[in-house]
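First comes the structure, then the notes that go with it.
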Amino acid sequence: MSEEAAHTLLPVVEDKPREECGVVGVSGIENASELAFLALYALQHRGQESAGICAVEDGRARIHKGPGLVSDVFGSAELAKLPGRAALGHVRYSTAGGNRI
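Per this note's numbering, the sequence shown runs over residues 767 to 867.
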């Protein structure tokens, strides 16, 4: 990395914490997507526009996402299609860009 690049400062948009989205990661347990779902439900206040979970099993990633509240996007049928011992989840409140997922 060049010295110039190492010292480049990004502009500060706001000098305060922002709480518009929520992200969770789960690993090392069977059906990690189920725990990710519960964590997203607890983080629902950080984003009510859309939700998604990506689960990994045997090197294959499966994703389910959709608009709305966590409980509207995920049910037992959707979670059953997300097997694996690792999962990432998000809830979103759009502050930049559009609200399409």
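Every residue, glycine too, gets a C-beta built ideally from N, C-alpha and C.
Simplified DSSP state of residue i, which is helix, strand or coil
i           : result
residue 854 : strand
residue 849 : coil
Element boundaries [beta strand (DSSP E), containing residue i]
i           : result
residue 823 : 816-823
residue 830 : 826-833
Of the listed residues the options, nearest to residue i (C-alpha basis)
i           : options            : result
residue 803 : 819, 823, 794      : 819
residue 839 : 851, 823, 813      : 813
residue 858 : 827, 800, 834      : 834
residue 824 : 810, 801, 796, 811 : 796
residue 841 : 807, 794, 789      : 807
Delimiting residues of the alpha helix (DSSP H) encompassing residue i
i           : result
residue 840 : Looking at the DSSP string, residue 840 is not in any alpha helix (DSSP H), and its letter there is neither H nor E.
residue 796 : That residue, residue 796, is in no alpha helix (DSSP H); it is neither H nor E in DSSP.
Residue(s) in a DSSP beta bridge with residue i
i           : result
residue 813 : Beta-bridge pairing links residue 813 to no other residue.
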